[in-house]
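Here is the structure we will look at.
Protein chains: 4
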Amino acid sequence: MSYLELQREVYEANMELQRRNLVVYTWGNVSQIDRNKGVIAIKPSGVAYEAMKPEDMVIVDLENNVVEGRLRPSSDTKTHTHLYRHFDSIGGVTHTHSTYATAWAQTQQAIPCYGTTHADYAYGEIPCTAVMSDEQIERDYEEETGVQITDCFTLRNPAEVPMVIVAGHAPFTWGKNAADAVYHAVILEEIARMAYLTKTLQQTTAPLKQGIVDKHYLRKHGKNAYYGQNKI
Amino acid sequence: MSYLELQREVYEANMELQRRNLVVYTWGNVSQIDRNKGVIAIKPSGVAYEAMKPEDMVIVDLENNVVEGRLRPSSDTKTHTHLYRHFDSIGGVTHTHSTYATAWAQTQQAIPCYGTTHADYAYGEIPCTAVMSDEQIERDYEEETGVQITDCFTLRNPAEVPMVIVAGHAPFTWGKNAADAVYHAVILEEIARMAYLTKTLQQTTAPLKQGIVDKHYLRKHGKNAYYGQNKI
Amino acid sequence: MSYLELQREVYEANMELQRRNLVVYTWGNVSQIDRNKGVIAIKPSGVAYEAMKPEDMVIVDLENNVVEGRLRPSSDTKTHTHLYRHFDSIGGVTHTHSTYATAWAQTQQAIPCYGTTHADYAYGEIPCTAVMSDEQIERDYEEETGVQITDCFTLRNPAEVPMVIVAGHAPFTWGKNAADAVYHAVILEEIARMAYLTKTLQQTTAPLKQGIVDKHYLRKHGKNAYYGQNKI
Amino acid sequence: MSYLELQREVYEANMELQRRNLVVYTWGNVSQIDRNKGVIAIKPSGVAYEAMKPEDMVIVDLENNVVEGRLRPSSDTKTHTHLYRHFDSIGGVTHTHSTYATAWAQTQQAIPCYGTTHADYAYGEIPCTAVMSDEQIERDYEEETGVQITDCFTLRNPAEVPMVIVAGHAPFTWGKNAADAVYHAVILEEIARMAYLTKTLQQTTAPLKQGIVDKHYLRKHGKNAYYGQNKI
Numbered sequence: 001m002s003y004l005e006l007q008r009e010v011y012e013a014n015m016e017l018q019r020r021n022l023v024v025y026t027w028g029n030v031s032q033i034d035r036n037k038g039v040i041a042i043k044p045s046g047v048a049y050e051a052m053k054p055e056d057m058v059i060v061d062l063e064n065n066v067v068e069g070r071l072r073p074s075s076d077t078k079t080h081t082h083l084y085r086h087f088d089s090i091g092g093v094t095h096t097h098s099t100y101a102t103a104w105a106q107t108q109q110a111i112p113c114y115g116t117t118h119a120d121y122a123y124g125e126i127p128c129t130a131v132m133s134d135e136q137i138e139r140d141y142e143e144e145t146g147v148q149i150t151d152c153f154t155l156r157n158p159a160e161v162p163m164v165i166v167a168g169h170a171p172f173t174w175g176k177n178a179a180d181a182v183y184h185a186v187i188l189e190e191i192a193r194m195a196y197l198t199k200t201l202q203q204t205t206a207p208l209k210q211g212i213v214d215k216h217y218l219r220k221h222g223k224n225a226y227y228g229q230n231k232i
Numbered sequence: 233m234s235y236l237e238l239q240r241e242v243y244e245a246n247m248e249l250q251r252r253n254l255v256v257y258t259w260g261n262v263s264q265i266d267r268n269k270g271v272i273a274i275k276p277s278g279v280a281y282e283a284m285k286p287e288d289m290v291i292v293d294l295e296n297n298v299v300e301g302r303l304r305p306s307s308d309t310k311t312h313t314h315l316y317r318h319f320d321s322i323g324g325v326t327h328t329h330s331t332y333a334t335a336w337a338q339t340q341q342a343i344p345c346y347g348t349t350h351a352d353y354a355y356g357e358i359p360c361t362a363v364m365s366d367e368q369i370e371r372d373y374e375e376e377t378g379v380q381i382t383d384c385f386t387l388r389n390p391a392e393v394p395m396v397i398v399a400g401h402a403p404f405t406w407g408k409n410a411a412d413a414v415y416h417a418v419i420l421e422e423i424a425r426m427a428y429l430t431k432t433l434q435q436t437t438a439p440l441k442q443g444i445v446d447k448h449y450l451r452k453h454g455k456n457a458y459y460g461q462n463k464i
Numbered sequence: 465m466s467y468l469e470l471q472r473e474v475y476e477a478n479m480e481l482q483r484r485n486l487v488v489y490t491w492g493n494v495s496q497i498d499r500n501k502g503v504i505a506i507k508p509s510g511v512a513y514e515a516m517k518p519e520d521m522v523i524v525d526l527e528n529n530v531v532e533g534r535l536r537p538s539s540d541t542k543t544h545t546h547l548y549r550h551f552d553s554i555g556g557v558t559h560t561h562s563t564y565a566t567a568w569a570q571t572q573q574a575i576p577c578y579g580t581t582h583a584d585y586a587y588g589e590i591p592c593t594a595v596m597s598d599e600q601i602e603r604d605y606e607e608e609t610g611v612q613i614t615d616c617f618t619l620r621n622p623a624e625v626p627m628v629i630v631a632g633h634a635p636f637t638w639g640k641n642a643a644d645a646v647y648h649a650v651i652l653e654e655i656a657r658m659a660y661l662t663k664t665l666q667q668t669t670a671p672l673k674q675g676i677v678d679k680h681y682l683r684k685h686g687k688n689a690y691y692g693q694n695k696i
Numbered sequence: 697m698s699y700l701e702l703q704r705e706v707y708e709a710n711m712e713l714q715r716r717n718l719v720v721y722t723w724g725n726v727s728q729i730d731r732n733k734g735v736i737a738i739k740p741s742g743v744a745y746e747a748m749k750p751e752d753m754v755i756v757d758l759e760n761n762v763v764e765g766r767l768r769p770s771s772d773t774k775t776h777t778h779l780y781r782h783f784d785s786i787g788g789v790t791h792t793h794s795t796y797a798t799a800w801a802q803t804q805q806a807i808p809c810y811g812t813t814h815a816d817y818a819y820g821e822i823p824c825t826a827v828m829s830d831e832q833i834e835r836d837y838e839e840e841t842g843v844q845i846t847d848c849f850t851l852r853n854p855a856e857v858p859m860v861i862v863a864g865h866a867p868f869t870w871g872k873n874a875a876d877a878v879y880h881a882v883i884l885e886e887i888a889r890m891a892y893l894t895k896t897l898q899q900t901t902a903p904l905k906q907g908i909v910d911k912h913y914l915r916k917h918g919k920n921a922y923y924g925q926n927k928i
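Line order of the protein sequences matches chains V, X, R and F. Oh and the first sequence: position 31 is 31 in the numbering used here, straight run, nothing missing. Heads up, the numbering used here is the position in the second sequence plus 232, with the first residue counted as 1. Heads up, the numbering used here is the position in the third sequence plus 464, with the first residue counted as 1. Heads up, the numbering used here is the position in the fourth sequence plus 696, with the first residue counted as 1.
This is the structure in structure tokens:
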């Protein structure tokens, strides 16, 4: 894939964030990796969606050096590259401050798996990272945001839970490419909204029983999946 | 009615789900039965609304065999056919994960009849099914979802309460045809939203007194109804 | 004013209900009175907004007899005429099931005056009627709904509080004509939404102090008003 | 800048309030100052957004005298001029009754800094003014509203917290010009909405730790900022 092809896919995924009402002004950013070339394309920092063009997407290597592009890359670039270096299976990353997912992040609580809507996309609760320590903030804030996230996945498979909320901050999601990462950002916001309504309606609501979590997740994922048209 | 006529009505009803903002991506499905032919038309599994055409609706018999169609039917097909087999009076079924109705389902509580908006469409509370047992999950999940629902209506008339929420899952609604089932899905989401606001505003809110429930339901339904233009 | 002029104004006001997102399907109705002729024009019962035409508005006298029109008038007609008979100063009436105002009605609580947005339009709390007695329900439900409302205004001026919520039911608003009644329905829904957020954020929130209520109401109303362009 | 240029910028900023869904009917107003000429342009009182033209913006001096314009200026004009006289660094002021910010104002509580979305724009909590005393209401209500606001900033820099909520009333925001003040009104509404969700989800949620507040605020503001394209 040429740089321009990569930039076009990342541009389209960023524009989708706005069409799906996940961002206000310049908030949010999406990237996609070309693992053969060892580079990502990512949204430039603080540029209005209306003014962006595909060639404004910045090409950055996995050590955060700008390889091509006139603009400064997203201020969250180091978090993206950290995720690509540690999660081998992912091809795209999205960061938003979508409203309900951010509210959960602000309460510094994981989002419980309350129902099958959640279980269809994430196997178990959506983890919330620890709060960053003062040493981490001073060291390298954006890199350490990545560390916060990967620390949540030492015992969890990022392909099975393609989303996380960063304590006091906001969500990150990922997928097989930029479009898939945005797809998960949309799903996460709806899951977070349903979970908000569920919890405020009844504070003591218990998570969904494990048998149904398994059933729904495996109905859509893995070798015995039977949702959709792919296997016909 | 020809298969194509049935497919067209079901297609239109599915598209209405999207226009009414009840679905995200490929979520949701609507079917309609032709009781003379003993078949239903139902949305295919996991196909984008934007890409669907009337002839993509799958024709399935009441034992869940595909009679006509190139695509796999909705993964919830067995729940639909179960309902058609057990509720003689219904002609259409809708399943969504609409936000507020799903939140109630996640709390595993029936939606109390708090006001006349509710009583105009459903006679008494909207029942919530029991949680599915582990045996049922292993046996035949989608068929058993239907069982969960019909178990709620042994003492209740499905024509008087054309909607249900499945515990930990989401709502199903029905009606005289596919369009009517979607109509009830829209109404249910608004009833669920009002009930959410009512309960969170005042946790102790009592249901509407029976006299007003009777008055409003019977004002719109049955031989003495006087709402609308039908009886002039 | 001719019947057709009256019908046109009432038609426009009904269509505005839909444009302002206050109604679902055929919910809601607006009327306007011609006090010289002793008649009102009102929306027909259960007709889709998309299909309505000005001449479908039904002309009804104050004893609820249809004077002109092919369609059955709104099932709430007797409530409208009751209000016109008892509130001399009003020229238009609106009934909706708008979401937040209806939620307050379902809790059977008045909406406290929590801030200046409320005080700008209504002088003090928005009253909630008593729950209707069984005798009233059996006697003449729609007429008695009007009685419930006027009973709230024996010590209050309907021109100073142009809105009410009917316990377990939904709001009614009024104004100098049909358009003004709809204007108050829009305002009430926003006041009800703000009050919902205020109460759920802090259950113990106190009403606005009387000095500010007076200041804001009188800034917009009465002989010393100085808001808007009218007095220049 | 000519009066007409000033009027055009203020007109555009007022229209943006409506496009961003921050106002109902004629609510809200925006002004901008020309400090060389010692005048502001401000929205006229109670005029519909749809009917407004740039030349309808009223030119007023800092003692609230109309310098040019056929219409009466906003009834909140004295609050605007008070802010311009006391906050030397500001060039534009916006007042709205946006829903979530107004709900916080009605609870008479400051909006805690719960997350980085907030910290990106305001350094610490969004203050809530004291409730106005009876003497102030009688003296000069709109001037005293300005006093309430500036009293909150004796120990705070209005450039670091470009927004406030007035107890029992609604928000005011400011910025380097009218467009920037509206930008902050949009941001405030989203911050207020996230904070509402955060608080109702978990009443005991603690504010964000100071180290992250500092990091995020300084990432976007001051000489070491590295967000956006300005410094490349």
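Positions of the beta carbon are idealized from the N, C-alpha and C atoms, including for glycine. These figures come from a predicted structure and were not determined experimentally.
Determine the extent of the beta strand (DSSP E) in which residue i is found, giving its start and end residues.
i	result
Val66/V	Val66 to Glu68
Val10/V	Segment Tyr3 to Arg19 is the alpha helix (DSSP H) holding Val10/V; no beta strand (DSSP E) there.
His791/F	Gly788 to His791
Thr313/X	Thr313/X -> not in any beta strand (DSSP E); alpha helix (DSSP H) instead, spanning Thr309 to His318.
Gly871/F	Pro867 to Gly871
Val292/X	Val290 to Asp293
Val843/F	From DSSP, Val843/F is part of no beta strand (DSSP E) but of the alpha helix (DSSP H) over Asp830 to Asp847.
On the DSSP letters alone, give me the boundaries of the alpha helix (DSSP H) that residue i sits inside.
i	result
Ala433/R	Residue 433/R is absent from the model: chain R starts at 465 and stops at 696.
Gln435/X	Looking at the DSSP string, Gln435/X is not in any alpha helix (DSSP H), and its letter there is neither H nor E.
Asp717/R	Absent from the structure is residue 717/R, since the part of chain R shown begins at 465 and ends at 696.
Please report how far the alpha carbon of residue i lies from the alpha carbon of residue j, in whole angstroms.
i	j	result
Ser727/F	Ser741/F	12 Å
Ile397/X	Asp446/X	22 Å
Asn920/F	Arg139/V	16 Å
Tyr332/X	Ala424/X	5 Å
Asp61/V	Asn36/V	11 Å
Cys809/F	Ile822/F	8 Å
Ser22/V	Thr348/X	The sequence shown places Leu at residue 22/V, not Ser. So the two alpha carbons sit approximately 35 Å from each other.
Gly211/V	Ala399/X	13 Å
Leu661/R	Ala594/R	24 Å
Arg915/F	Lys209/V	43 Å
Asp352/X	Tyr449/X	5 Å
Gly619/R	Ile613/R	Note on identity: in this sequence residue 619/R is Leu, with Gly being the wrong assignment. Whole-angstrom Cα-Cα distance: 12 Å.
Enumerate in chain order the residues of its own chain whose CB-to-CB distance from residue i is below 7 Å, with the five nearest sequence positions on each side excluded.
i	result
Thr405/X	Thr326, Pro394, Met395, Ala413, His416, Ala417 and Leu420
Gly610/R	Lys542, Thr543, His546 and Leu547
Gln7/V	Ala41, Pro54, Glu55 and Met57
Gln341/X	Cys360
With DSSP as the reference, identify every bridge partner of residue i, one or two as the case may be.
i	result
His648/R	Paired residues: none, contrary to the question.
Cys113/V	Paired residue(s): none; Cys113/V is not in a bridge.
Asn493/R	His559/R
Looking only at its own chain, which residues have a Cβ that is under 8 Å from the Cβ of residue i, when we skip the five neighbours before and after it?
i	result
Leu767/F	Pro740, Ser741, Val743, Asp752 and Val754
Ala402/X	His327, Thr328, His329, Ser330, Ala333, Thr334 and Ala337
Val488/R	His561
Can you list, in chain order, the residues of its chain with a C-beta nearer than 6 Å to that of residue i? Leave out the 5 residues immediately preceding and following it.
i	result
Asn478/R	Val494 and Lys507
Glu160/V	Tyr123
Gly189/X	Chain X is shown only over 233 to 464; residue 189/X falls outside these bounds and no answer can be derived.
Can you find a C-beta in chain C that's less than 8 Å from the C-beta of residue i?
i	result
Gln666/R	Looking at the structure shown, chain C is missing, and the protein chains on hand are V, X, R and F.
Of all the residues that make up the segment 725-752 of chain F, which are near chain R by a beta-carbon distance shorter than 8 Å?
Within the segment 725-752 of chain F, the residues whose Cβ lies closer than 8 Å to some Cβ of chain R are Pro740, Ser741, Gly742 and Val743, listed in chain order.
In chain order, what residues of the segment 93-127 of chain V put their CB closer than 9 Å to some CB of chain F?
Look at the segment 93-127 of chain V: the residues with a C-beta under 9 Å from a C-beta of chain F are His97, Thr99, Tyr100, Thr102, Ala103, Trp104, Ala105, Gln106, Thr107, Gln108 and Gln109.
Output, in sequence order along the chain, the residues in the segment 444-461 of chain X whose CB is closer than 9 Å to any CB in chain R.
Residues passing the 9 Å Cβ filter: Ile444, Asp446, Lys447, His448, Arg451, Lys452, Tyr458, Tyr459, Gly460 and Gln461.
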